[in-house]
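Chemist: The structure follows.
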Amino acid sequence: MSLSLVTPQFEVLRDENKCIQCKVCVKQCANEVHKYDAEDNVVLADDAKCVNCHRCVVLCPTKALKIRKNTLEFRDNANWTGQAISEIYIQAETGGILLSSMGNPKPFPIYWDKMLLNASQVTNPSIDPLREPMETKVMIGRKPSKLEFDKHGNLITEIAPQVELDMPIMFSAMSYGSISKNAHEGLARAAEKLGIVYNTGEGGLHKDFYKYGKNTIVQVASGRFGVHLEYLNAGIAIEIKMGQGAKPGIGGHLPGIKVGEDVSATRMIPIGSDAISPAPHHDIYSIEDLRQLIFSLKESVNYKKPIFVKIAAVHNVAAIASGIARAGADAIMIDGFRGGTGAAPTRVRDNVGIPIELALAAVDQRLRDEGIRNEISIVCGGSIRNSSDIVKAIALGADAVYIASAALIAIGCHMCHSCSTGKCNWGIATQDTDLVKRLNPDIAYQKLVNLLSAWNHEIKEMLGGMGINAIDSLRGNRLMLRGIGLNEKELEILGIKHAGE
Ligand code: SF4
Ligand code: SF4
1 MSLSLVTPQF
11 EVLRDENKCI
21 QCKVCVKQCA
31 NEVHKYDAED
41 NVVLADDAKC
51 VNCHRCVVLC
61 PTKALKIRKN
71 TLEFRDNANW
81 TGQAISEIYI
91 QAETGGILLS
101 SMGNPKPFPI
111 YWDKMLLNAS
121 QVTNPSIDPL
131 REPMETKVMI
141 GRKPSKLEFD
151 KHGNLITEIA
161 PQVELDMPIM
171 FSAMSYGSIS
181 KNAHEGLARA
191 AEKLGIVYNT
201 GEGGLHKDFY
211 KYGKNTIVQV
221 ASGRFGVHLE
231 YLNAGIAIEI
241 KMGQGAKPGI
251 GGHLPGIKVG
261 EDVSATRMIP
271 IGSDAISPAP
281 HHDIYSIEDL
291 RQLIFSLKES
301 VNYKKPIFVK
311 IAAVHNVAAI
321 ASGIARAGAD
331 AIMIDGFRGG
341 TGAAPTRVRD
351 NVGIPIELAL
361 AAVDQRLRDE
371 GIRNEISIVC
381 GGSIRNSSDI
391 VKAIALGADA
401 VYIASAALIA
411 IGCHMCHSCS
421 TGKCNWGIAT
431 QDTDLVKRLN
441 PDIAYQKLVN
451 LLSAWNHEIK
461 EMLGGMGINA
471 IDSLRGNRLM
481 LRGIGLNEKE
491 LEILGIKHAG
501 E
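Per the numbering used here, the very first residue in the sequence shown carries number 1; after that it's consecutive.
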């Protein structure tokens, strides 16, 4: 093999005056970056193996370590950047596709940061959430267009099954297999405590987690892994995954190395076999086919649970959403192009799909224009980073949001983008039994509860500031938003005025 032209992305800097050769970094790094040289009593580093996950930096007892980007610079060239050149070196050496994890990192506009919220001044006074009631509960599912009562005042309109959330937030789909059992346990227990739901993803439901059923969305994806009648009836809702923001139009691939005994039993596939989800569902080639699957699933649960359909935000998302609503789905989950993933081809992750903000606004408007907005809830995800993103999403038309990357960050993810290797040093995106133990589910649970309790409080403060006392009153209220630094077309699609108007 010829000399590799690929240079390390990061440099490991060790302050020898601080290092006490304790070997914590050697033991902690699953990528084997650090190595102890007993002869010279020094710890050495192989920069080429470093993914910048920060595990060693955080755990080093003397704070002797720093990781920084490799300072090796190519000559300035706006077209042939260092990254573009390095990627060609890699593909020329491996002949393979480039693989990445987590969401699209490219500097496309982040519209959440180009929208500002309103607040009451003088008239329509603001509300203090510490002193006055403030409602953040939402119901996800089909709503009736009108309510009918009998002569005694009893409701006679049949209400479709709903998912009740104590705050407008859900944990998005992350399969057991792509993330560890301890991570799943943290999510399931936090969802139960917070009165929200988490999502199995396409990996089936581990037998230990059936007890969290009323806080679980069970997913049916193209591979149908782990799908059986008991599974469908175990959750509070069923989600059909048609697409995913990180990799629209393609399937999934869980490498066999992550398919141990437990994952194999949960997914109903042989130990060590690659779990490959096809790009399409092989029984869905039209909206009519999707409708058949929606009603097959409704039949299987006796029409007692709502059926959601998840799609990636793509160019004609509004028309697709309209079809999904007419196909009988109870909620549409739209995943923007910054949505995370355990593994995706880099070119797809970085170049396919559209921002969730534009997709959400377009879908909400289309469903309103067609007079069917009540027939379906809208949930959006794809890099919701904080409570103000959520408030803006609700004002743009969402009933609730999905979070996944933020939840993983809360439990220790350092966004090193190397989930696909199965060597997550934080015990999250791994099935390695030693690495999994690094994530304590009790601590993960508590951090998730803390994060979302804090966000819910912030949501109430922002609602109160606008003089609104219920999250439902904000949904689709775009008068509460103003754009900043956006062009006419962007403002038109978002359906908001510019700041100052
Ligand atoms: S963890 Fe810190 S102190 Fe311990 S060997 Fe590594 S660099 Fe040195
Ligand atoms: S989950 Fe683990 S491997 Fe994936 S980005 Fe986060 S820290 Fe890195």
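Yeah, the Cβ is synthetic: ideal placement off N, Cα and C, and Gly gets one too. Bear in mind that the values here come from a model prediction, so they are computed numbers and not experimental data.
Among Ile459, Val51, Asn302, which one has its Cα closest to the Cα of Ala160?
Modeler: Within the sequence shown, residue 160 is the residue found at index 160, counting from 1. Nearest C-alpha to Ala160: Asn302.
Chemist: When the Cα atoms are used, what is the spatial distance from Ala400 to Gly336?
Modeler: Indexing the sequence shown from 1 puts residue 400 at position 400. Indexing the sequence shown from 1 puts residue 336 at position 336. Taking the straight line joining both Cα atoms gives about 14 Å.
Chemist: Would you mind reading off the limits of the beta strand (DSSP E) that contains Lys35?
Modeler: Counting from 1 along the sequence shown, the entry for residue 35 is found at position 35. First-last of the beta strand (DSSP E) with Lys35: 34-37.
Chemist: Can Ile196 and Ile156 be called in contact, C-beta distance under 8 Å?
Modeler: Numbered from its first residue, the sequence shown carries residue 196 at position 196. Numbered from its first residue, the sequence shown carries residue 156 at position 156. Not in contact: Ile196 and Ile156 (Cβ atoms no closer than 8 Å).
Chemist: Do Lys241 and Lys310 count as a contact pair if the criterion is CB distance below 8 Å?
Modeler: Locating residue 310 in the sequence shown gives position 310, where the first residue counts as 1. Locating residue 241 in the sequence shown gives position 241, where the first residue counts as 1. Yes.
Chemist: I need the straight-line Cα distance from Glu158 to Ala429, nearest angstrom please.
Modeler: Here the question's residue 158 lines up with position 158 in the sequence shown. Here the question's residue 429 lines up with position 429 in the sequence shown. Their backbone Cα atoms lie some 43 Å apart in a straight line.
Chemist: Leaving out five residues before and five after Leu448 in sequence, what residues of the same chain have Cβ atoms less than 7 Å from its Cβ?
Modeler: Translated into the one-based positions of the sequence shown, residue 448 becomes position 448. If we look at Leu448 and ignore the five residues flanking it on each side, its Cβ neighbours are Gly186, Leu187, Ala190, Ala407, Ala410, Ile411.
Chemist: Cβ of Cys416 versus every heavy atom of ligand 2: is any distance shorter than 7 Å?
Modeler: Here the question's residue 416 lines up with position 416 in the sequence shown. Yes, Cβ of Cys416 sits closer than 7 Å to a heavy atom of ligand 2.
Chemist: Secondary structure at Glu310, three-state DSSP: helix, strand or coil?
Modeler: Residue 310 sits at position 310 when you count from the first residue of the sequence shown. Glu is not the amino acid found at residue 310; the sequence shown has Lys there. Strand.
Chemist: Flag Ala429 as yes when its Cβ comes closer than 7 Å to any non-hydrogen atom of ligand 2, and as no otherwise.
Modeler: Here residue 429 refers to the residue found at position 429 when the sequence shown is read from its first residue. Answer for Ala429: yes, Cβ within range of ligand 2.
Chemist: Between Gly342 and Gly382, is the Cβ-Cβ spacing less than 8 Å?
Modeler: Here residue 342 refers to the residue found at position 342 of the sequence shown. Here residue 382 refers to the residue found at position 382 of the sequence shown. No; because the gap between Cβ atoms is not below 8 Å, this pair is not in contact.
Chemist: Could you give the residue range of the beta strand (DSSP E) that holds Ile378?
Modeler: Indexing the sequence shown from 1 puts residue 378 at position 378. Run containing Ile378: 377-381, per the beta strand (DSSP E) assignment.
Chemist: Considering just the uninterrupted stretch of the alpha helix (DSSP H) at Thr433, what are its terminal residues?
Modeler: As a working mapping, residue 433 is identified with position 433 in the sequence shown. 433-436 is the extent of the alpha helix (DSSP H) around Thr433.
Chemist: Whole angstroms are fine: how far does the CA of Asp364 sit from the CA of Leu254?
Modeler: Here residue 254 corresponds to residue number 254 of the sequence shown, with the count starting at 1. Here residue 364 corresponds to residue number 364 of the sequence shown, with the count starting at 1. Leu254 and Asp364: Cα-Cα distance of roughly 34 Å.
Chemist: By DSSP, does Tyr111 sit in helix, in strand, or in coil?
Modeler: By 1-based counting over the sequence shown, the position of residue 111 is 111. In the structure shown, Tyr111 sits in a helix (DSSP, three-state: H, G or I).
Chemist: Would you grab the beta carbon distance between Ala237 and Pro129 for me? Rounded to a whole angstrom, and I think it's under 8 Å.
Modeler: Start at 1 with the first residue of the sequence shown, and residue 237 comes out as number 237. Start at 1 with the first residue of the sequence shown, and residue 129 comes out as number 129. In fact, because the Cβ distance is near 29 Å, the residues do not count as touching under 8 Å.
Chemist: Going by beta carbon distance, what residues of the same chain come within less than 8 Å of Met134, once the five residues before and after it are set aside?
Modeler: Numbered from 1 along the sequence shown, position 134 holds the residue referred to as residue 134. Contacts found: Ile127, Lys460, Leu463, Gly464, Asn469, Ala470.
Chemist: For ligand 2, is there any heavy atom lying closer than 7 Å to the beta carbon of Glu101?
Modeler: Sequence index remark: in the sequence shown, residue 101 carries index 101 (1-based). Checking the sequence, you will find Ser at residue 101 rather than Glu. Yes, the beta carbon of Ser101 sits closer than 7 Å to at least one heavy atom of ligand 2.
Chemist: Have a look at Gly82 and Leu297 and give me their C-alpha separation to the nearest angstrom.
Modeler: Within the sequence shown, the letter at position 82 stands for residue 82. Within the sequence shown, the letter at position 297 stands for residue 297. Going by the C-alpha atoms only, they are around 49 Å apart.
Chemist: Please list, in chain order, all residues of the same chain as Ala499 whose beta carbon is under 8 Å from its beta carbon, the five residues on each side excluded.
Modeler: Translated into positions along the sequence shown, residue 499 becomes position 499. Excluding positions up to five away in sequence, the list reads Leu116, Arg482, Gly483, Ile484.
Chemist: Would you mind giving the Cβ-Cβ distance between Asn182 and Gly427, rounded to the nearest angstrom? I have them listed as a contact below 8 Å.
Modeler: Here residue 182 refers to the residue found at position 182 when the sequence shown is read from its first residue. Here residue 427 refers to the residue found at position 427 when the sequence shown is read from its first residue. Right, the Cβ-Cβ distance comes to about 6 Å (below 8 Å), so this counts as a contact.
Chemist: With a Cβ-Cβ cutoff of 8 Å, do Ile217 and Asn199 count as a contact?
Modeler: The residue given as residue 217 occupies position 217 in the sequence shown. The residue given as residue 199 occupies position 199 in the sequence shown. In contact: Ile217 and Asn199 (Cβ atoms closer than 8 Å).
Chemist: For a test of the three-state rule: what should DSSP assign to Tyr210, helix, strand or coil?
Modeler: As a working mapping, residue 210 is identified with position 210 in the sequence shown. DSSP places Tyr210 in helix when its eight states are reduced to three.
Chemist: Hey, would you say the C-beta of Cys50 is under 7 Å away from at least one heavy atom of ligand 2?
Modeler: Looking up residue 50 in the sequence shown gives position 50. Not so, every heavy atom of ligand 2 lies at least 7 Å from the Cβ.
Chemist: Give the straight-line distance between the Cα atoms of Ala64 and Ala325, rounded to the nearest whole angstrom.
Modeler: For the purposes of this step, residue 64 is identified with residue 64 of the sequence shown, where counting begins at 1. For the purposes of this step, residue 325 is identified with residue 325 of the sequence shown, where counting begins at 1. Near 56 Å, if we compare the C-alpha coordinates of Ala325 and Ala64.
Chemist: Just to check my reading of the structure: Ala359 and Ile334 have Cβ atoms closer than 8 Å, yes? What is that Cβ distance to the nearest angstrom?
Modeler: Along the sequence shown, one-based indexing puts residue 359 at 359. Along the sequence shown, one-based indexing puts residue 334 at 334. Contact flag correct, Cβ pair sits at about 5 Å.
Chemist: From the DSSP output, which residues share a beta bridge with Asp335?
Modeler: In the sequence shown, residue 335 corresponds to position 335, counting from 1. Asp335 is bridged to Ala312, Gly381.
Chemist: Write down the C-beta distance between Pro280 and Gly223 rounded to the nearest angstrom, noting that I regard them as a contact closer than 8 Å.
Modeler: Stepping through the sequence shown from its first residue, residue 280 is reached at position 280. Stepping through the sequence shown from its first residue, residue 223 is reached at position 223. Between Gly223 and Pro280 the Cβ distance is about 11 Å, and since that is not below 8 Å, they are no contact.
Chemist: Within 10 Å of its beta-carbon, does Ile271 have 16 or more other beta-carbons around it, so buried, or fewer, so exposed?
Modeler: Translated into the one-based positions of the sequence shown, residue 271 becomes position 271. Exposed.
Chemist: Rounded to a whole number of angstroms, what is the C-alpha to C-alpha distance between Leu59 and Ile356?
Modeler: Against the sequence shown, residue 59 aligns to sequence position 59. Against the sequence shown, residue 356 aligns to sequence position 356. Cα to Cα, Leu59 sits roughly 36 Å from Ile356.
Chemist: Closer than 7 Å: is that where the CB of Ile20 sits relative to any heavy atom of ligand 1?
Modeler: In the sequence shown, the residue the question calls residue 20 occupies position 20. Because some heavy atom of ligand 1 lies under 7 Å away, the Cβ of Ile20 counts as near it: yes.
Chemist: Would you please state the rounded distance, in angstroms, between the beta carbons of Asn101 and Val6? I believe it to be under 8 Å.
Modeler: Along the sequence shown, read from residue 1 onward, the residue named residue 101 stands at position 101. Along the sequence shown, read from residue 1 onward, the residue named residue 6 stands at position 6. Checking the sequence shown, residue 101 turns out to be Ser, not Asn. At roughly 19 Å, the Cβ-Cβ gap does not stay under 8 Å, so Ser101 and Val6 are not in contact.
Chemist: Go ahead and label His315 buried or exposed: buried means 16 or more other beta carbons lie within 10 angstroms of its beta carbon, across all protein chains shown.
Modeler: Taking the first residue of the sequence shown as 1, we reach residue 315 at position 315. Exposed.
Chemist: Helix, strand or coil: how does DSSP classify Phe295 here?
Modeler: For the purposes of this step, residue 295 is identified with residue 295 of the sequence shown, where counting begins at 1. DSSP places Phe295 in helix when its eight states are reduced to three.
Chemist: Please name the residue or residues paired with Pro345 in a DSSP beta bridge.
Modeler: Residue numbering aside, residue 345 sits at position 345 when the sequence shown is read from its first letter. Paired residue(s): Leu99.
Chemist: Measure the C-alpha to C-alpha separation of Phe295 and Val220 and round it to an integer number of angstroms.
Modeler: Here residue 295 corresponds to residue number 295 of the sequence shown, with the count starting at 1. Here residue 220 corresponds to residue number 220 of the sequence shown, with the count starting at 1. Taking the straight line joining both Cα atoms gives about 13 Å.
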